[in-house]
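Student:
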Amino acid sequence: MAILEVREVDSGYGEVQILWGASMALQQGDLTSLVGGNGVGKTTLLRTVMGLNHPWKGSIWFEGKDVSRLSAHKKADLGLVLVPEGRQLFTDMTVYENLEMGASNKRARGKFQQNLERVFEMFPRLKERSDQQSGTLSGGEQQMLAVARGIMADPKVLMIDELSLGLAPVLVLQLFESLKLLKNLGLTILLVEQNVQMALAVSNYGYVLAEGRTELEGPARELIQNEHVRAAYLGL
Amino acid sequence: MGSSGLLTSLIDGILIGVVYGLAAMGLTLIWGVMNVINLSHGTIIAFGMFGVYLIFTTLGLNPYLTLVLVAILGLLLGVAIYFIAIQRVIDAPHLSTLLATFAVNMILLGVGTAVFTTNFRNVDYALGNIQMGQITVLGTRLVAALAAVFVAGALYFFLYKTRPGKYIRAVANNRAAAELMGIPSTQILALSFGIGTMLAAIAGGLIATLFPFTILSGGVYELKSFVIGVLGGLGNPIGSLAGGLILGLLESIIPIVMPNTWVPILEFVLFIIILLIRPTGIFGAKE
Ligand SMILES: Nc1ncnc2c1ncn2[C@@H]1O[C@H](COP(=O)(O)OP(=O)(O)O)[C@@H](O)[C@H]1O
Ligand SMILES: [Mg+2]
Chain A
89 MAILEVREVD
99 SGYGEVQILW
109 GASMALQQGD
119 LTSLVGGNGV
129 GKTTLLRTVM
139 GLNHPWKGSI
149 WFEGKDVSRL
159 SAHKKADLGL
169 VLVPEGRQLF
179 TDMTVYENLE
189 MGASNKRARG
199 KFQQNLERVF
209 EMFPRLKERS
219 DQQSGTLSGG
229 EQQMLAVARG
239 IMADPKVLMI
249 DELSLGLAPV
259 LVLQLFESLK
269 LLKNLGLTIL
279 LVEQNVQMAL
289 AVSNYGYVLA
299 EGRTELEGPA
309 RELIQNEHVR
319 AAYLGL
Chain B
6 MGSSGLLTSL
16 IDGILIGVVY
26 GLAAMGLTLI
36 WGVMNVINLS
46 HGTIIAFGMF
56 GVYLIFTTLG
66 LNPYLTLVLV
76 AILGLLLGVA
86 IYFIAIQRVI
96 DAPHLSTLLA
106 TFAVNMILLG
116 VGTAVFTTNF
126 RNVDYALGNI
136 QMGQITVLGT
146 RLVAALAAVF
156 VAGALYFFLY
166 KTRPGKYIRA
176 VANNRAAAEL
186 MGIPSTQILA
196 LSFGIGTMLA
206 AIAGGLIATL
216 FPFTILSGGV
226 YELKSFVIGV
236 LGGLGNPIGS
246 LAGGLILGLL
256 ESIIPIVMPN
266 TWVPILEFVL
276 FIIILLIRPT
286 GIFGAKE
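Residue numbers (this note's numbering), protein chains in the order written: chain A, 89 to 324; chain B, 6 to 292.
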């Protein structure tokens, strides 16, 4: 059974419909990629999964329960955590305070020390900059902090919107390495990426979103071989 | 005026200024957290005055003890106002929240006027004078100022050192991100509005020990709060204290060189000038 399932969801902003029957299922322990062109609705889908946008139709299931109507903070309590596009750090607060805020939900509070050691081990830079205001970090450090803050929430499913966007290649490699590490720890991950090649290379499974619905899905290594994917997203 | 007279009025200015700062703190906190200008602020200050007055005159409690009760009632009133009037318009444009707090103000003021009339009241309580050489300070003023500094310090501690306080700062900083991290942002906004209201009520209660007042007396402090908010930066409690101090000093110095009636005029000239040259306030860094 899928740990997270999106069933034929319609959603959008105000009067504007963006998602038209989007579906997706994440298997426990998988690293799944969600790819697609700019503006097809990937961010909207993640926002709808979290409850920042409400599903107009269809439903969202987490660990076998219908969570379609739950607010975002309730979902975070359950273990469904989003690292949002554009990082959305608490820029007026320190690095350490951002990590503390990550661990706001009840489960995460109990595992604070354990998770803190883990993220400091993964991103030693953050430990050095612990007392610095997060708004003054470099772009790469901010992205590390955004991921670290998500890990502090002790997720069962971690969704990351645009992990590598705007970052130097060295940093991108480092972030993808930490992703593999998290996967090996048994975390279920959903990755939204511009860098389709890299995303599919580290994933088990992939979804291609187009015009607000799932256009293609399959094991990542099959998608990489797919003619359409190669032509449209890999430029091959 | 002799130098001791000048010193006495400067010290008075500082003591009153700190209380002004406390009166402004609730307004700036609410603005800083949820970008809502609370037009019921002044009336809640007046409710604080009447709270202390009523408990003092009916139960005979020490006015400073009654402040604890007034604070709790203020907190509850603020949370109730948030859920009844603010919650449903919190994401609407500023005009909607402005109208909502305006409506709350009309209701509170209407009830207050009906129940208390607009007659003057007075908390008949004195702590005598404190004499330091040539300088005389009213005991109630000194205690009010110390209480204001204490409350400001407590608020600072709460916002920076406690978990709910940090939640308030996180929600102020980025509400959607706070939700994503599991922070119940609606409850936190209600709590913030409650604390802002509580601070206004405490300030009113302290002012009641200094001057006679009516149900309309809060309006003056609301206006001062706007000036102080602009001086200290909206959304910055410690800045409010500093802004209040400046205002208090101005009020004690201006009457030495020109008639008292010029005080509000100069205050608002200052308000406009600061808005023009430094819209985030002298001490405020927040956009
Ligand atoms: N807040 C918003 N209000 C209205 N339209 C929006 C908003 N955010 C995104 N959109 C529109 O929704 C569509 C999908 O956007 P998005 O989900 O961000 O795509 P992606 O993440 O795949 O690039 C785009 O056409 C975008 O312009
Ligand atoms: Mg996007």
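Note that beta-carbon positions come from the ideal geometry of N, C-alpha and C, so glycine has one too. Everything numeric in this text was worked out from a predicted model, so none of it was measured.
1) Enumerate, from N- to C-terminal direction, the unbroken alpha helix (DSSP H) stretches of 4 or more residues contained entirely within the region 208-256 of chain B.
2) Could you check which residue in A:L267, A:E250 and A:R318 has the C-alpha nearest to that of L122 of chain A?
3) Taking the alpha-carbon positions, what's the K199 of chain A to A195 of chain B distance?
4) To the nearest angstrom, how far is it from the Cα of I173 of chain B to the Cα of F178 of chain A?
5) What number of angstroms, rounded off, separates the C-alpha of F218 of chain B from the C-alpha of T122 of chain B?
6) Excluding the 5 residues preceding and the 5 following N134 of chain B in the sequence, name in chain order all residues of the same chain whose CB lies nearer than 8 Å to its CB.
7) Identify whether R309 of chain A lies in helix, strand or coil by the three-state DSSP scheme.
8) Can you pull the DSSP bridge partners for M247 of chain A?
9) Checking 8 Å against the spacing of the C-beta atoms, do L119 of chain A and L170 of chain A come in under that value?
10) Does the structure place the region 39-57 of chain B close enough to the region 104-113 of chain B that three or more beta carbon pairs sit under 8 Å?
11) Under three-state DSSP, which class holds R157 of chain A?
12) Under 7 Å: does the beta carbon of T39 of chain A sit that close to some heavy atom of ligand 1?
13) Quick one: which chain B residues come within Cβ less than 7 Å of M138 of chain A?
14) What first and last residue would you give for the beta strand (DSSP E) that runs through E325 of chain A?
15) For ligand 1, list every residue whose C-beta falls under 6 Å from any of its heavy atoms, going in chain order.
16) Check whether chain B comes within 8 Å of A164 of chain A, counting only Cβ atoms and requiring the distance to be less than that.
17) Quickly, what does DSSP pair G10 of chain B with across the bridge? List them, please.
18) Would you mind working out which of B:L185, B:L151, B:I277 and B:I259 sits nearest L27 of chain B, comparing C-alpha positions?
19) Where does the unbroken beta strand (DSSP E) through E96 of chain A begin, and where does it stop?
20) Does ligand 3 have even one heavy atom less than 7 Å from the beta-carbon of E205 of chain A?
21) In chain order, what residues of the same chain have a beta carbon less than 7 Å from the beta carbon of V75 of chain B, not counting five sequence neighbours either side?
22) Restricting to Cα atoms, I'd like to know which of A:K145, A:M89, A:E103 and A:Q116 is closest to G109 of chain A.
23) L170 of chain A touches chain B at which residues, Cβ-Cβ below 9 Å?
24) Kindly give me the distance between the Cβ atoms of A196 of chain A and A236 of chain A, rounded to whole angstroms, as I take these residues to be in contact under 8 Å.
25) Whose C-beta lies closer than 7 Å to the C-beta of G139 of chain A among residues of the same chain, with five residues either side of it excluded?
26) Take E151 of chain A as the anchor and find which of A:G117, A:V128 and A:Y293 has the nearest alpha-carbon.
27) Could you check where the alpha helix (DSSP H) with W267 of chain B kicks off and where it finishes?
28) Taking C-alpha atoms, which residue in A:P143, A:V104 and A:R213 lies nearest to R95 of chain A?
29) Under 8 Å, with one C-beta from each stretch per pair, do the region 180-187 of chain A and the region 221-232 of chain A reach the 3-pair mark?
30) I need the straight-line Cα distance from V104 of chain A to G187 of chain B, nearest angstrom please.
31) Using a 10 Å radius around the Cβ and a threshold of 16 neighbouring Cβ atoms, would you call I193 of chain B buried or exposed?
32) Say whether chain B places a C-beta atom closer than 8 Å to the C-beta of D249 of chain A.
33) List, in chain order, every chain B residue whose beta-carbon is nearer than 7 Å to that of F178 of chain A.
34) When you compare each of B:T214, B:L80, B:P189 and B:E184 to V148 of chain B by their alpha carbons, which one comes out closest?
35) With a threshold of 7 Å, establish whether the CB of E299 of chain A neighbours any heavy atom of ligand 2.
36) I'd like to know if P189 of chain B contacts chain A, where contact means its C-beta is closer than 8 Å to some C-beta of that chain.
Tutor: In this structure, then:
1) Qualifying alpha helix (DSSP H) stretches, in chain order: 223-237.
2) As a working note, residue 122 of chain A is residue 34 in the first sequence. Ranking A:L267, A:E250 and A:R318 by CA distance to the CA of L122 of chain A puts A:E250 first.
3) The residue labelled residue 199 of chain A in the question sits at position 111 within the first sequence. The residue labelled residue 195 of chain B in the question sits at position 190 within the second sequence. Cα-Cα distance, rounded: 28 Å.
4) For the purposes of this step, residue 173 of chain B is taken as residue 168 along the second sequence, with counting starting at 1. For the purposes of this step, residue 178 of chain A is taken as residue 90 along the first sequence, with counting starting at 1. Taking C-alpha positions only, I173 of chain B is separated from F178 of chain A by approximately 11 Å.
5) On the second sequence, residue 218 of chain B is found 213 positions in, with the first residue counted as 1. On the second sequence, residue 122 of chain B is found 117 positions in, with the first residue counted as 1. For F218 of chain B and T122 of chain B, the distance between alpha carbons rounds to 12 Å.
6) Walking along the second sequence from the start, residue 134 of chain B turns up at place 129. Once the five neighbours on either side are set aside, the close Cβ partners of N134 of chain B are T141, V142, L143 and G144.
7) As a first step, residue 309 of chain A is located in the first sequence; it is residue number 221 there, counting from the start. The answer is helix: DSSP assigns R309 of chain A an H, G or I state.
8) Your numbering for residue 247 of chain A matches position 159 in the first sequence. The partner list for M247 of chain A (beta bridge, DSSP) reads A:L170 and A:L278.
9) As a position in the first sequence, residue 119 of chain A is number 31, starting the count at 1. As a position in the first sequence, residue 170 of chain A is number 82, starting the count at 1. Judged by their CB atoms, L119 of chain A and L170 of chain A are not nearer to each other than the 8 Å cut-off.
10) The region 104-113 of chain B, when compared against the region 39-57 of chain B, does touch it at the 8 Å Cβ threshold.
11) For the purposes of this step, residue 157 of chain A is identified with residue 69 of the first sequence, where counting begins at 1. In this structure, R157 of chain A counts as coil in the three-state DSSP scheme.
12) Any property of residue 39 of chain A remains undetermined from this structure, which presents chain A solely from 89 to 324.
13) Looking up residue 138 of chain A in the first sequence gives position 50. Result: L185.
14) Here chain A covers residues 89 to 324 and nothing more, so residue 325 of chain A does not appear.
15) Result (chain order): A:Y101, A:V104, A:I106, A:G124, A:N126, A:G127, A:V128, A:G129, A:K130, A:T131 and A:T132.
16) Walking along the first sequence from the start, residue 164 of chain A turns up at place 76. So yes, A164 of chain A belongs to the interface.
17) What you label residue 10 of chain B is simply residue 5 of the second sequence in a count that begins at 1. None, per the DSSP bridge assignment.
18) By 1-based counting over the second sequence, the position of residue 27 of chain B is 22. It is B:L151.
19) Counting from 1 along the first sequence, the entry for residue 96 of chain A is found at position 8. E96 of chain A -> beta strand (DSSP E) spans L92 to Y101.
20) What this structure holds is ligand 1 and ligand 2, not ligand 3.
21) To locate residue 75 of chain B, count along the second sequence from 1; it is residue 70. Once the five neighbours on either side are set aside, the close Cβ partners of V75 of chain B are G53, G56, V57, A206, I207 and G210.
22) Mapped onto the first sequence, residue 109 of chain A falls at position 21. Minimum Cα distance to G109 of chain A is reached at A:K145.
23) Taking the first sequence and counting its residues from 1, the one referred to as residue 170 of chain A is at position 82. Under the 9 Å cutoff, chain B gives L185.
24) In the first sequence, counting from the first residue as 1, residue 196 of chain A sits at position 108. In the first sequence, counting from the first residue as 1, residue 236 of chain A sits at position 148. Incorrect: roughly 13 Å between the Cβ atoms, too far for contact.
25) Here residue 139 of chain A refers to the residue found at position 51 when the first sequence is read from its first residue. In its chain, beyond the 5 residues on either side, L158, S159, A160 and K163 have a beta carbon closer than 7 Å to the beta carbon of G139 of chain A.
26) Here residue 151 of chain A is taken as the residue at index 63 of the first sequence, counted from 1. Closest option to E151 of chain A, Cα to Cα, is A:G117.
27) One-based indexing of the second sequence puts residue 267 of chain B at position 262. W267 to I282 is the extent of the alpha helix (DSSP H) around W267 of chain B.
28) Translated into the one-based positions of the first sequence, residue 95 of chain A becomes position 7. Residue A:P143 is the option with its Cα nearest to R95 of chain A.
29) With the cut-off at 8 Å, the region 180-187 of chain A and the region 221-232 of chain A touch.
30) Counted from its first residue, the first sequence places residue 104 of chain A at position 16. Counted from its first residue, the second sequence places residue 187 of chain B at position 182. Taking the straight line joining both Cα atoms gives about 28 Å.
31) Numbered from 1 along the second sequence, position 188 holds the residue referred to as residue 193 of chain B. With at least 16 other beta carbons inside 10 angstroms of its own, I193 of chain B counts as buried.
32) Position 161 of the first sequence, counting from 1, holds the residue named residue 249 of chain A. Judged by the 8 Å Cβ criterion, D249 of chain A is not in contact with chain B.
33) As a first step, residue 178 of chain A is located in the first sequence; it is residue number 90 there, counting from the start. Near F178 of chain A (Cβ distances below 7 Å), the residues of chain B are A175, N178, N179 and A182.
34) Translated into the one-based positions of the second sequence, residue 148 of chain B becomes position 143. Cα-wise, what sits closest to V148 of chain B is B:T214.
35) The count along the first sequence starts at 1 and reaches residue 299 of chain A at position 211. Incorrect: E299 of chain A has no Cβ contact closer than 7 Å to ligand 2.
36) In the second sequence, the residue the question calls residue 189 of chain B occupies position 184. When Cβ-Cβ separations below 8 Å define contact, P189 of chain B makes contact with chain A.
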